[in-house]
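Visitor: Got a structure for you, written out below as structure tokens; questions coming shortly.
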Amino acid sequence: MDKPEALKILGCGLDAPEKEINTKYRQLMIANHPDKGGSPYVSTKINEAKDLLTGKNKGSVFGKDE
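Residues 6 to 71 (this note's numbering) are what the sequence shown spells out, left to right.
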């Protein structure tokens with residue numbers, strides 16, 4: 006996932022502050038959470054988008070930085 010895709014998923018502008026990103030993330034997760042009948046795939050994409058935009062996507066369990 007790249008930054009433009011993440012912005013589109015969350016519905017944020019290019020220069021959105023982290024507070025706006027978190028607000029949009031919460032709204033989308035409330036509407037799409039798997040425990041409430043939402044899609045696991047969609048919620049995973051929402052999580053990935055938030056992590057990428059907030060800088061929390063620094064590495065993965067199976068990434069190269071082990």
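Glycine included, each C-beta is placed from N, C-alpha and C at the ideal position.
Using a Cβ-Cβ cut-off of 8 Å, state whether residue 55 counts as contacting chain C.
Guide: Checking the listed chains, one finds no chain C in this structure; it contains a single protein chain.
Visitor: Whose C-beta lies closer than 7 Å to the C-beta of residue 25 among residues of the same chain, with five residues either side of it excluded?
Guide: 17
Visitor: Do you know offhand how far residue 34's Cα is from residue 56's?
Guide: 13 Å
Visitor: Any heavy atom of the ligand GDP closer than 7 Å to the CB of residue 40?
Guide: Only the bare structure without any ligand can be found here, which leaves the ligand GDP out of the picture.
Visitor: Measure the Cβ-Cβ separation of residue 37 and residue 51 and say whether it is below 8 Å.
Guide: yes
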